[in-house]
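Using the numbering used here, the letters of the sequence shown correspond one by one to residues 838 to 1078. Here's the structure, in structure tokens; my notes come after.
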Amino acid sequence: MPKLLVANWKMHGDTAFALSFAEGLLRFLGGRNAFRSTLVVCPPAVLLAPLAAALRGSGVYLGAQDVSAQPSGPFTGDVSVPLVKDAGAAYVIVGHSERRTHHGETDAHVAGKCTAIEAAGLVPLVCVGESAHVRESGGAAGYVAGQLAASVPASARQAVVAYEPVWAIGSGVVPAAQDIAAMHATLKVVRPAANVLYGGSVNPENISDILGISGVDGVLIGGASLKLDAFCSIVAAAEAF
Ligand code: PGA
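Okay, here's the thing in structure tokens:
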């Protein structure tokens, strides 16, 4: 099955970086007849428009990293779904653990954003995942299933879910394959229509093993997505699936 590969640049890069990344990615993709995977690059919001212009016609999608649930209004500093759509985004990441931790976002906030994103015809990419403490206590499956049920409205038609254990993000540590498979199976019971990605320390060395795990429909890539060579290696490896 073709995979969904999502690059999360977080708060990294600038216009020069984005344009040079796009040029390198286009060169890599142009050297192949076609690519089966769906590619989504999520830069900081202010880089969406220049990156969209640079990637126009390539088949590579753009995504935002967060959004307001409100369409417009007196919300200084926020960015709406219509704005990111206008800048070229087709996907929006919501509920990343960094937003939940640093900005106090709750499942209810995430569900509101999810509804606004779907209503505008974009695809919400909703992150869930347990802390090390929850994992050690043995309650990870119930915790993450509850997060998903409360973060993605049952009416959502095409939400993508990313299972990102908080302790695996940026740590170089990846859960055992059977733990990823078990969690993905649990999440697919909660939201049967959702594609479920894995995220947390994905890199060119572990991508083939991760994509080979039952129930893994793709990956959300942080650090490795900022290195063009590493990202292209991940895209190349995903072509085997
Ligand atoms: P990482 O980040 O690949 O650097 O671990 C993943 C994420 O936070 O989405």
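Built from N, CA and C at the ideal position, the CB exists for glycine as well. Bear in mind that the values here come from a model prediction, so they are computed numbers and not experimental data.
Spatial neighbours of residue i in its chain, beta-carbon cut-off 6 angstroms, leaving aside the 5 residues before and after
i	result
Ile-1017	Tyr-1035, Ile-1050
Ala-901	Ala-882, Val-921, Ala-926, Val-929
Gly-1055	Lys-840, Leu-841, Leu-842, Leu-1034
Thr-852	Pro-887
Leu-1065	Phe-858, Gly-861
Ala-987	Asp-944
Ala-1074	Ile-1044, Ser-1045
Ile-1006	Gly-1037
Pair within 8 angstroms by beta-carbon distance, residue i and residue j
i	j	result
Asp-944	Gln-984	yes
Ser-874	Val-998	no
Gly-932	Cys-964	yes
Val-877	Ala-855	no
Leu-959	Val-918	yes
Ala-1019	Ala-978	yes
Phe-1078	Leu-1057	no
Glu-1076	Phe-872	yes
Leu-1024	Trp-846	no
Asp-915	Arg-936	no
Residue of the options minimising C-alpha distance to residue i
i	options	result
Pro-887	Gly-910, Gly-1007, Ala-926, Phe-872	Ala-926
Asn-1040	Gly-1060, Ala-957, Tyr-980	Gly-1060
Ser-857	Leu-892, Lys-840, Leu-842, Ala-871	Leu-892
Ala-956	Ser-988, Gly-966, Ala-993	Ala-993
Val-1053	Met-848, Val-1033, Ala-987, Leu-842	Val-1033
His-1021	Ala-982, Gly-941, Lys-1064, Ala-1077	Ala-982
Ala-890	Glu-860, Pro-911, Ala-871, Ala-1031	Glu-860
Ile-954	Ser-905, Ala-1030, Asp-1066, Trp-846	Ser-905
Thr-938	Gly-975, Trp-1004, Ser-909	Trp-1004
Ala-1013	Leu-1024, Ser-1038, Lys-1025	Ser-1038
Met-848	Gly-867, Ser-988, Leu-885, Leu-866	Leu-885
Pro-1002	Gly-867, Trp-846, Asp-915, Ser-934	Ser-934
Leu-863	Ser-895, Gly-975, Met-838	Ser-895
Arg-1028	Ala-1074, Tyr-1000, Gln-1015, Thr-913	Tyr-1000
Buried/exposed call for residue i, threshold 16 Cβ in 10 Å
i	result
Phe-1081	One cannot answer for residue 1081 here, as it falls past the ends of the chain, which runs 838 to 1078.
Ser-1045	exposed
Gly-966	buried
Glu-1042	exposed
Asp-923	exposed
Pro-880	buried
Val-897	buried
Val-1026	exposed
Contacts around residue i, its chain only, beta-carbon distance under 7 angstroms, and the 5 residues preceding and following it disregarded
i	result
Pro-990	Ala-948, Cys-951, Thr-952
Ser-1070	Pro-1041
Phe-912	Ser-905
Tyr-980	Glu-967, Val-971
Distance cut-off 7 angstroms: residue i Cβ against heavy atoms of the ligand MG
i	result
Asn-845	As far as ligands go, the structure on display features the ligand PGA and does not contain the ligand MG.
Sequence-distant residues of the same chain with beta carbon closer than 8 angstroms to residue i, five excluded per side
i	result
Ser-909	Ser-917, Pro-919
Gly-850	Phe-858, Pro-880, Pro-881, Leu-884, Leu-1063
_Counting beta carbon pairs with one atom in the stretch 935-953 and one in the stretch 969-976, are three or more of them shorter than 8 angstroms?_
Touching, no.
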